[in-house]
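Here's the structure we're looking at; comments come further down.
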Amino acid sequence: MTTLDSGERRRAGDSRPVITELIDELTVESIAGEAWISLVGEDEVLVPLPGELPADALSSWVDVVGPWTGSVVLTTGRDTAAELTRALLRESAPAELEDEDVTDAFGEIANVVGGNVKAALPGPSALSLPDVGPAPDVRNPADVCRIDVLWRGQPVSISVQGALPALPAAH
Numbered sequence: 028m029t030t031l032d033s034g035e036r037r038r039a040g041d042s043r044p045v046i047t048e049l050i051d052e053l054t055v056e057s058i059a060g061e062a063w064i065s066l067v068g069e070d071e072v073l074v075p076l077p078g079e080l081p082a083d084a085l086s087s088w089v090d091v092v093g094p095w096t097g098s099v100v101l102t103t104g105r106d107t108a109a110e111l112t113r114a115l116l117r118e119s120a121p122a123e124l125e126d127e128d129v130t131d132a133f134g135e136i137a138n139v140v141g142g143n144v145k146a147a148l149p150g151p152s153a154l155s156l157p158d159v160g161p162a163p164d165v166r167n168p169a170d171v172c173r174i175d176v177l178w179r180g181q182p183v184s185i186s187v188q189g190a191l192p193a194l195p196a197a198h
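No gaps in the numbering here: position 147 of the sequence shown is 174 in my numbering, and each next residue is one more.
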């Protein structure tokens, strides 16, 4: 008799880690704080206080692919992203910022924070190029580590969120 392998036995034993098993909020806060100081300036600190994100929120993110797969997402208001761009570019900032300037600078901050998060995760992983736009959807609410901070009094949300939906529960 021939039996077909439906894969159910393998799937029942599958497990993939959720981010909170690998990294915690204090680690994300530390990584973000160090990135801010190195990129934006020594006096530029993140204050661990939540704030209400504005309706015109803009996100920058990088994807991490490895034993854990997901995105490192920074979200703030468009005006704050422009302020971050000016702080990052310092005296090189043009008098009139273009969308491309904000995309490049805000993406670079996500790239640095994401690269440091990737380094804190187990196993070899790859990092995508940064993207900027509306925040990617949260696919698995149990696979998110998020911090909310203030920079210059403005809210910034930094989340490390899984890209994969939750696995089906074993029967």
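Glycine residues also receive a C-beta, built at the ideal position from the N, C-alpha and C atoms.
The structure presented is a predicted model; accordingly, all values stated were derived computationally and were not measured.
Residue range of the unbroken beta strand (DSSP E) whose run includes residue i
i    : result
S98  : G97 to G104
S87  : A84 to V92
S119 : Careful: S119 lies outside any beta strand (DSSP E) and carries neither H nor E.
L66  : Per DSSP, L66 belongs to no beta strand (DSSP E); it is in the alpha helix (DSSP H), E52 to V67.
Between the CA atoms of residue j and residue i - distance to the nearest angstrom
i    : j    : result
I46  : S186 : 10 angstroms
E48  : G68  : 32 angstroms
L148 : I50  : 7 angstroms
L177 : E71  : 11 angstroms
V99  : A122 : 30 angstroms
D175 : A162 : 15 angstroms
L80  : A109 : 15 angstroms
P44  : A146 : 16 angstroms
E35  : P192 : In this predicted model, E35 has a pLDDT of only 46, less than 50, meaning its place in the structure is not dependable; the value taken from the coordinates is given anyway. The straight-line gap from Cα to Cα measures roughly 17 angstroms.
L20  : V171 : The chain is shown from 28 up to 198; residue 20 falls before or after that span and cannot be answered.
A62  : G142 : 10 angstroms
L59  : E127 : The displayed chain sequence assigns Ala, not Leu, to residue 59. C-alpha separation (whole angstroms): 23 angstroms.
V183 : W95  : 24 angstroms
Where the alpha helix (DSSP H) containing residue i begins and where it ends
i    : result
S155 : Here S155 belongs to no alpha helix (DSSP H), and DSSP marks it neither H nor E.
N138 : D126 to A147
Distance CB(residue i)-CB(residue j) smaller than 8 angstroms
i    : j    : result
A120 : T112 : yes
T103 : A84  : yes
P75  : E56  : yes
L116 : L66  : no
Residues that DSSP places opposite residue i in a beta bridge
i    : result
R173 : S186
V45  : In the DSSP output, where bridge partners are listed per residue, V45 has none listed.
V272 : An answer regarding residue 272 cannot be provided, because it is not within the stretch 28 to 198 covered by the chain.
Any chain D beta carbon closer than 8 angstroms to residue i
i    : result
P168 : The structure shown has no chain D; it contains just one protein chain.
Stretch pair the stretch 126 to 135 + the stretch 166 to 182: three plus CB contacts closer than 8 angstroms: no
Discussion item. Under 8 angstroms: do the stretch 149 to 162 and the stretch 83 to 92 share three or more Cβ pairs, one atom per stretch?
Written reply: yes
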